[in-house]
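Protein chains in written order, with the UniProt record's numbering: chain A, 1 to 319; chain B, 1 to 332; chain C, 1 to 325; chain D, 1 to 384. For glycine and all other residues, C-beta sits at the position ideal for the given N, C-alpha and C. Beneath this line is the structure, given in structure tokens, with notes to follow.
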Amino acid sequence: MFSFIGRSIVQKIITLFFVSVVSFLIIHLAPGEPSQVDPMNPKFTPEMVERFQKEFHLDKPLYVQYLYFYRDLFTGKIVSWKDSQSVLTKIWERFLNSLPLFIVGTILTWTLSFPVGIRSAIFRGGIYDRSATFVSYLLISIPGFFFAYILIILVVTTLHVPVIGMETFGLGASSWGTTLMDRIWHLLIPSVLGATGGIAVLSRYVRSQMLEVEGQDYVRTAKAKGLPPEQVHYKHALRNALLPFVTMFGLILPGLIGGSVIIESIFSWPGMGRMAYEAILARDYPVILTVNFVAAVLVLVGTFISDLLYLVVDPRIRL
Amino acid sequence: MTNHKLPITNQNITLRVEGLKKYFPVRRGFFQRTAGWIKAVDGIDLDIEPGKTLALVGESGCGKSTVAKVILRLIEPDEGKLIYKGNDIVNLSHKKMKHLRKEMQIVFQDPFGSLNPRMTVGQTIEEGLRGMDLSKRERRDRRDELLEMVGISAISSDRYPHEFSGGQRQRVGVARALSVSPSLIICDEPVSALDVSIQAQIINLLKDLQDRLGLSYLFISHDLNVVGYLSDKVAVMYLGHIMEYANTEELFETPLHPYTLALLSAVPVAEPDKRLELKSLSGDVPSPLDPPPGCKFQGRCPQVEERCREEEIGFARVSEDHLVRCWKVGGR
Amino acid sequence: MTDSKNLLSVQDLKVYFRAKDQVARAVDGVSFDIRPGETVCLVGESGCGKTVSALTILRLIPSPPGEIMGGRVLFNGVDLLDLDETDMQKIRGNHIAMVFQEPLTSLNPVFTIGDQIGEGITIHEQVEPEELRKRCVQLLRDVGIPSPEQRLKDYPHQLSGGQRQRVMIAMALACNPDLIIADEPTTALDVTVQAQILNLIKSIQQKASMSVLYITHDLGVVANIADRVNVMYAGVIVEMGDAYQIFQNPRHPYTKGLLAALPGRSRRGRRLHSIPGAVPNPAFKPPGCPFHPRCSFAIETCKTRFPEMCKHGDGHLSRCPVLKD
Amino acid sequence: MTNTQQTLESPLAPKQTRLEELWELFRQNRLAILGLIIFLFFLITAIIGVILTSGQDPVFDPAMIRLQEKLLPPLTRPNIETLQPAEIPTLGIYLLGTDDLGRDVFSRMLQGAWVSLTVGFVAVGISVLVGIFMGGIAGYFGQGHLRYDQIIISCVLITGGILLALGTTYTGVGLLVAGHIYIFFSIFSKKILARRTLPKWFNLLHRGAISIDTIIMRAVDIMLCFPTFFLILTVVALLPASMYNIMIVIGLTSWMGTTRFVRAEFLSLREQDFVTAAKALGVGHFRIIFRHMMPNAIAPVLVSSTIGIAMAILTEAGLSFLGFGVPPPHATWGNILSDGKRFIFDAPWLTFIPGIAILIVVLCFNLFGEGLRDALNPKLREKG
């Protein structure tokens with residue numbers, strides 16, 4: 001048990017190291033220098049460029065730059081090239097902005113897809129199942145940005161509530177009720193959008209898992225014992241069907257960064273995804289690399305958690 | 001008491017297995033150290049004579065299938081010799097082994113998994129003929145001949161396995177094994193997945209082919225009825241060891257090892273008159289990961305005594321061809 | 001046939017499986033009876049419909065594609081096929097219990113065996129938790145599992161194959177059913193363990209005087225355990241009788257063929273008799289007697305007329321007009 | 001022998017190839033058939049589109065700017081009086097309206113269809129090839145171990161290559177040359193050193209260090225650590241804008257699933273009896289891989305790749321939407337939508353036409369893929 005945890009941690013640290021190397025190489029081997037981004041900018045005089053290069057060790061060999069960069073990252077001293085602010089503070093602020101979106105989206109995904117998927121599986125082939133299937137295909141296939149505009153048009157033209165940004169600009173000191181409603185409206189559409197793809201994919205997966213389990217011998221045994229159908233479905237089948245979702249539960253963590261770029265930029269939501277997008281536009285390498293690093297850490301922590309959960313949930317795995 | 005030894009009289013032996021061992025490591029812990037060994041095959045000796053059938057009998061997990069794989073050199077043995085027609089083949093180079101491979105073939109248990117579902121049965125058989133110097137025409141003729149030999153009409157050579165029944169697939173498997181004209185065929189439970197009526201067809205086929213082509217069989221099985229019908233000699237295996245080795249007649253008439261006795265008396269006979277209480281052993285086969293010290297059978301043996309628990313037991317020769325690994329017999 | 005002495009009476013049962021444009025007639029008019037306290041065997045090769053028949057008794061046929069097309073299953077005089085689902089649940093496990101072939105996959109891997117045995121009891125009876133535990137321990141002890149108290153907390157994967165099958169039997173015994181249906185319970189086990197399980201079933205049956213419907217393809221097992229035997233081929237029962245009649249005086253070519261095809265030491269040196277051909281696909285069964293293409297006794301009428309049951313002696317019936325006498 | 005003749009048998013089931021059987025099952029899924037039809041329609045449109053919209057004087061000119069005709073809704077007739085004869089749309093009508101520069105949306109959609117198609121196919125082609133290669137190696141040769149010297153040499157070669165690329169010429173070339181010398185040395189060393197006893201350090205170098213399987217699977221883990229869309233965005237933003245870069249980047253960031261799948265499949269196939277039988281017959285490694293194992297593993301890979309195509313099309317549209325896609329003036333569905341987003345209330349067709357087009361095409365790939373998957377699923381097949 002402990003040796004499993006130990007091995008897993010060591011393995012993940014090694015993976016993380018390689019991720020840091022690879023991402024560093026990708027960024028630095030790509031053509032184009034950050035100092036050349038904006039030659040028209042009057043700030044970028046040759047002296048400025050030189051000072052800039054010195055300050056960020058760009059004149060040093062690559063591996064030295066690598067060491068400098070990760071030293072700065074771990075001591076928290078790393079700063080953005082664009083505005084010389086601390087990257088970690090920046091990320092933390094943006095993270096707090098992204099968090100409500102993420103939480104609402106995740107809750108929506110996980111609370112909706114399970115009932116839908118399970119019902120589809122139990123009434124397999126019925127009208128409910130077929131329409132759920134079709135709707136989920138539709139939701140998987142629809143481009144997120146297109147769907148976003150449909151929703152914007154719908155909400156703005158029918159309900160006349162503004163939805164862009166985190167809050168309505170200039171709402172100022174109105175009653176707390178109005179502010180709250182305003183916040184909720186702003187939060188709702190982006191998180192629904194963030195959740196749709198997840199709901200569609202997850203409910204399909206729940207359905208197929210459930211179907212798979214319903215065909216197992218032990219479900220037949222349970223029926224042969226004379227258990228009522230509810231107990232057969234929700235105790236014997238569901239418990240087994242849920243096992244693989246433990247793995248998925250660990251994988252929602254990285255969703256914090258990955259999926260939100262497009263939605264956050266459409267809704268001008270000042271979150272992590274949008275910050276990453278802006279950093280890419282500005283070739284702000286420290287921010288890009290740090291976001292990447294944080295994302296990798298989240299992935300690894302997520303998989304670690306799901307490994308552990310699996311140990312707890314599945315009695316067949318004992319170390 | 002000799003430790004082991006087969007009779008050395010017969011020099012004309014297709015395959016002699018001597019002291020064959022295969023251990024699989026069990027890794028555990030932080031550094032994945034080898035924490036133990038599964039002694040799948042723990043020093044066995046066998047003699048397969050030309051044109052004869054040696055049966056290897058035992059319950060699941062006793063290591064019989066590992067023996068088959070090691071003999072075919074699909075797994076490398078850890079120790080021991082495989083003497084094929086007088087030459088040790090364990091340390092042969094890849095090139096020489098490739099040639100020798102064709103001398104030993106295998107027929108599998110599962111008629112569904114043993115044929116490539118994406119190849120027609122004709123293609124499956126031609127795989128074996130590819131290495132030979134044959135023209136396309138000759139190859140096709142040989143393929144058809146092989147199919148007819150096992151009782152499948154040559155017209156169906158362009159059919160896929162899923163179009164055939166289990167028994168027919170098993171025939172194709174036999175034809176594939178025959179395609180390289182081997183002298184030894186390892187039959188790994190070839191009839192245990194088949195229904196009784198089909199089983200008889202395949203057994204007859206194997207017997208006919210043996211008579212016609214002079215094949216030797218290593219017949220691996222847990223079904224003592226089939227073994228009793230088909231084999232010339234029997235080796236009873238338990239937890240990686242051979243427990244008893246004898247001519248079929250002798251083994252069935254006068255089984256000496258308690259395990260053999262238990263096996264024989266556990267087989268239900270299809271005659272309601274003999275409906276006695278089946279004599280059953282208590283317990284299950286222990287895990288090969290940590291087998292008991294001393295006699296491997298001691299945990300389930302009805303006649304166990306102190307000596308069995310302590311000392312490793314060698315073979316005792318009862319008669320020319322009858323070896324038993326038990327104190328009771330050796331003590332005579 | 002409608003003997004009031006019968007515990008279970010299956011009459012002209014038909015179960016078809018529908019697939020695209022084909023209909024597989026898996027069970028095609030099966031009738032047999034089980035009297036209280038006797039062991040009845042259903043023998044046949046794979047695909048002959050024996051498992052489907054057994055599952056139909058408990059109405060466990062997956063539907064679709066399976067469909068019960070006709071017949072009656074009288075249990076203590078009540079037709080199980082007429083019961084609604086809730087009444088059927090009261091029969092399952094309580095009056096008729098079932099033991100399946102693969103003990104590993106038939107036990108739920110995520111519940112302890114204590115849970116799984118106890119569950120069957122709580123669903124049919126009101127029991128205190130302490131009482132329940134005691135009963136589970138006693139059941140495990142009855143089926144010969146050592147140190148049952150500790151085993152209650154084990155998961156199925158921690159037991160050996162033989163022990164798992166014992167647990168399955170304990171589960172079946174939980175509510176003292178009148179009938180146990182055992183569907184090839186020893187096929188997946190080694191011979192020595194098979195002998196243990198067979199002895200266990202026999203001893204339980206004698207002790208509790210319950211009826212057993214034992215399904216198998218192994219004629220050796222049949223000879224060992226059966227009071228009466230039903231031989232099935234291609235969805236119909238071709239011969240029925242007591243064990244002695246079937247084994248010593250078989251009256252159907254298929255039964256004769258099966259017995260002659262058995263290998264054994266006594267047959268050494270002689271060719272085994274083999275039945276040519278293979279079991280027909282249940283969707284494309286030949287007309288007339290389903291066995292006629294493989295039968296060496298077949299005459300012209302066999303190809304067109306489905307044979308009736310012919311009586312050969314006390315309770316010995318066979319579906320062959322040719323081998324009548 | 002007479003008896004064998006007696007039992008001469010021919011197959012039971014009616015003759016039907018796997019493909020026919022598959023089609024038989026596939027045909028029952030009406031949605032999947034719909035997907036296939038739409039796909040064929042899309043394929044024809046894209047091919048015709050690329051023919052009609054390219055060249056010096058295309059039949060449909062997607063780049064023709066008519067500022068006086070901007071933001072016309074679909075099915076509007078052009079104002080013939082204000083237009084030059086050459087500027088009049090080929091069909092005599094703006095079938096799908098015009099955009100903010102007065103360009104014919106229909107022509108632009110035709111042009112964009114080809115981009116979506118090629119991006120989808122090429123990107124997935126790359127990822128499937130890489131995935132099958134890596135997965136096949138991991139699954140078949142995975143238990144083999146790389147030796148210490150091989151690892152050191154490959155590190156030396158890679159560092160040399162990187163240094164050379166970075167301009168540190170002398171060290172780079174030196175490392176490369178040293179690496180190659182060692183490779184030649186180790187090839188010939190067997191013959192040269194055959195009779196001598198080797199020094200201890202040399203033997204140590206020849207010890208197995210790490211299994212090939214471990215290396216490949218760790219590489220997969222590393223790739224999975226990157227948030228895919230973010231990674232693609234970064235790389236595409238850093239590279240010069242071009243359609244080919246996008247295809248390659250999408251392809252190279254999405255092979256991990258295939259690798260895992262093929263590896264798992266190969267690991268289980270390797271244990272199958274028919275592979276064992278092929279080995280026993282003395283069939284060579286490559287024939288076993290390509291003739292015996294690959295055909296059994298490839299079908300599910302191809303199925304999931306149809307769904308991969310859908311994902312790739314979506315990704316490309318997303319990139320175009322964010323302004324990192326195929327560079328203008330070339331039209332893609334993503335950048336038509338992106339251009340139109342400023343006019344979503346005035347000219348909603350600029351959003352809806354490309355949006356719905358993408359939706360339908362992606363949907364057809366998804367339906368088609370799922371239909372194939374169901375048809376291939378042996379469990380469903382048994383149930384009929």
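| Asked | Found |
| --- | --- |
| Residue closest to A:SER98, alpha-carbon to alpha-carbon, out of A:ASN292, A:VAL206, A:PRO270 and A:PHE18 | A:PRO270 |
| Segment contact, 8 Å Cβ cut-off, at least three pairs: the stretch 210-225 of chain C with the stretch 43-58 of chain C | yes |
| Chain B within 7 Å of C:GLU45, Cβ atoms only | yes |
| Contained alpha helix (DSSP H) runs [length at least 4] in the stretch 34-98 of chain B, N- to C-terminal order | 64-71 |
| For C:ASN176, the three-state DSSP class (helix, strand or coil) | coil |
| Where C:ILE275 sits in the DSSP three-state scheme | coil |
| Same chain, Cβ closer than 7 Å to A:VAL246, five either side skipped, listed in chain order | SER306, LEU309, TYR310 and VAL313 |
| Any chain E beta carbon closer than 7 Å to B:ILE185 | Looking for chain E here will not work: the only protein chains present are A, B, C and D. |
| Residues near A:VAL37 by beta carbon distance below 6 Å, same chain, minus five either side | Its pLDDT being 49, under 50, A:VAL37 is placed unreliably in this model, and the value from its coordinates should be taken loosely. Only ARG283 meet the Cβ criterion. |
| Beta-bridge partners of C:ILE252, as assigned by DSSP | The displayed chain sequence assigns His, not Ile, to residue 252 of chain C. C:HIS252 is not bridged to any residue. |
| CA-to-CA distance, B:ALA200 to C:GLN248, given in whole angstroms | 20 Å |
| Chain D contacts made by the stretch 8-22 of chain A, where a contact means CB separation under 7 Å | THR15, PHE18, VAL19 and VAL22 |
| Sequence-distant residues of the same chain with beta carbon closer than 6 Å to B:CYS295, five excluded per side | CYS308 and ILE313 |
| Separation of B:ALA55 from C:HIS312, as counted between CA atoms | 42 Å |
| Rounded straight-line distance, which links the Cα of D:ALA123 to that of D:SER305 | 10 Å |
| Paired residues, beta bridge with B:VAL191 - DSSP | B:VAL191 is not bridged to any residue. |
| Completely contained beta strand (DSSP E) runs for the stretch 61-89 of chain C, where each covers 3 or more residues | 66-75 |
| Delimiting residues of the alpha helix (DSSP H) encompassing D:ILE65 | Taken as a continuous stretch (DSSP letters only), D:ILE65 belongs to no alpha helix (DSSP H), as it is neither H nor E. |
| Cβ-based burial, D:TYR170 [other Cβ within 10 Å; buried from 16] | exposed |
| Within-7 Å CB hit, D:ALA297 to chain B | no |
| The beta strand (DSSP E) enclosing D:ASP273, as first and last residue numbers | From DSSP, D:ASP273 is part of no beta strand (DSSP E) but of the alpha helix (DSSP H) over 273-280. |
| Per-residue burial, B:TYR259 [other beta carbons within 10 Å of its own, 16 or more giving buried] | buried |
| B:PRO25 - containing alpha helix (DSSP H), residue span | Run containing B:PRO25: none in the alpha helix (DSSP H); it sits in the beta strand (DSSP E), 15-28. |
| Given D:SER268 as reference, the closest of D:ALA138, D:LEU319, D:LEU91 and D:GLU21 once Cα atoms are compared | D:ALA138 |
| Within chain B, partners of D:THR276 - CB distance below 9 Å | LYS69, LEU72, LEU74, ILE106, PHE108 and SER114 |
| Burial state of D:GLY142 (16 or more Cβ within 10 Å) | buried |
| Enclosing beta strand (DSSP E) for C:SER31 [first to last residue] | 22-34 |
| B:VAL234 to C:PRO185 span [Cα, whole Å] | 28 Å |
| Min CB distance A:HIS233 to chain C below 7 Å | no |
| Straight-line Cα distance separating B:CYS62 from B:PRO288 | 8 Å |
| Run of the alpha helix (DSSP H) containing C:VAL322, from where it starts to where it stops | No alpha helix (DSSP H) holds C:VAL322; DSSP gives it neither H nor E. |
| Any C-beta of chain B under 7 Å from that of D:ASP273 | yes |
| Three-state secondary structure assigned by DSSP to D:GLU87 | helix |
| 7 Å Cβ cutoff, A:LEU308 in contact with chain C | no |
| Interface residues of chain D facing A:ILE142 [CB-CB closer than 7 Å] | LEU359 |
| Closest by C-alpha distance to C:ARG265, when choosing among B:GLU49, B:PRO50 and B:LEU251 | B:LEU251 |
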